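Read through the structure below, which is laid out as structure tokens, and then see the notes.
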Amino acid sequence: MTSLDGFIFGVYPYICLTVFLLGSLIRFDRDQYTWKSDSSQLLRSGLLRWGSNLFHAGILFLFFGHLVGLLTPHALYGYLMDAATKQRLAIYAGGIAGAVCLAGLSMLIYRRAFDPRIRYTSHPTDLSILLILWVQLVVGLITLPYSWGHADGSVMLILADWAQRILTLRTVNAEVLAGLPWPYRFHIVFGMTIFLLFPFSRLVHVWSGFASVGYLLRPYQVVRSRRLGVPASRTASGSKRVR
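When we follow my numbering, the leftmost residue of the sequence shown carries the number 233, and every step to the right adds one.
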């Protein structure tokens, strides 16, 4: 194991996650007017409907699939399936979701790069972050044949152990990760880099998407009528509860 491997797999993830969390908090506190997705739908809807729906459906499935797959201890799902079965399930489901996401993202990139009106109003980081996500998706799909070649689930267990050790602040075995095929190592490093760039791009609107779930759980708001001629005693009885 080299010192570079130790830094990449043992230190760099913490740098990225720290910038991801603190950077998002600082941007929300200081630049709330930039906290948006900068939709270009009003300029031209065209490919946006198909591209956005396919991309978001695929990326959400991949995000939660990675989240559950990497952070769920083997002892919890070991009663239902072995590591090999879980890996085959991840290959099939991840392959389909990745292809759907890649198709949608390609539409969005084509639209933003080759539509003059949208390209003129786009910030340089808009197209850059889309291209970065595209490369990450392509490399993720490249890992599927490698995963099929290790059908025993050993690689998946290595990656899950690394992610869980990072989350629980335990020592990482960088030597094992450094011995994995290049698509896995690239996918890890590039994925962490996306977290690093997250607060400086339009991706911050993802936080708002997750926060909107809280709207369904918030308490009712009491609204009282102020119509003329309504006695104060009747105002309370005429109250209604609205969202």
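Beta carbons are placed, not taken as given, at the ideal position from N, Cα and C, and that holds for glycine.
As the structure is a prediction and not an experimental result, all values here were calculated from the model.
- The beta carbon of G372 is closer than 7 Å to those of G330, H419 in its chain, skipping five residues each way along the sequence.
- Per DSSP, T400 lies in no alpha helix (DSSP H) segment and is marked neither H nor E.
- In the structure shown, V436 adopts helical secondary structure according to DSSP, grouped into three states.
- By the 16-neighbour rule on beta-carbons within 10 angstroms, F346 is exposed.
- Annotation: the continuous alpha helix (DSSP H) that includes H298 extends over 280-303.
- Each of I240, L302, I258, C333 was checked against the Cα of Q368, and the nearest Cα belongs to C333.
- Between G336 and N285 the beta-carbon gap is near 7 Å, inside 8 Å, which marks them as a contact.
- Of all C-beta pairs linking the segment 250-262 to the segment 319-327, fewer than three are shorter than 8 Å, placing the two stretches out of contact.
- Cβ-Cβ separation between L303 and L399: approximately 6 Å, consistent with a contact (criterion under 8 Å).
- Exclusion of the five residues before and after G301 leaves K318, A322, M388, A392 as the residues of its chain whose Cβ lies within less than 8 Å of its Cβ.
- For Y246, the enclosing alpha helix (DSSP H) begins and ends at 244-262.
- Ranked by Cα distance from M424, the options T234, L236, I247, L409 are led by I247.
- Bounds of the alpha helix (DSSP H) holding S360 are 356-381.
- Residue state for G336 is assigned as helix, using DSSP reduced to three classes.
- In the structure shown, L308 falls within a helical segment according to DSSP collapsed to helix, strand and coil.
- The three-state secondary structure of G441, taken from DSSP, is helix.
- Using a 10 angstroms sphere on the CB of R402, the tally of other CB atoms stays under 16, which defines it as exposed.
- No Cβ-Cβ contact shorter than 8 Å links I364 with I291.
- In the three-state reduction of the DSSP assignment, W414 falls in the helix class, which pools H, G and I.
- DSSP, read as helix, strand or coil, puts G385 in coil.
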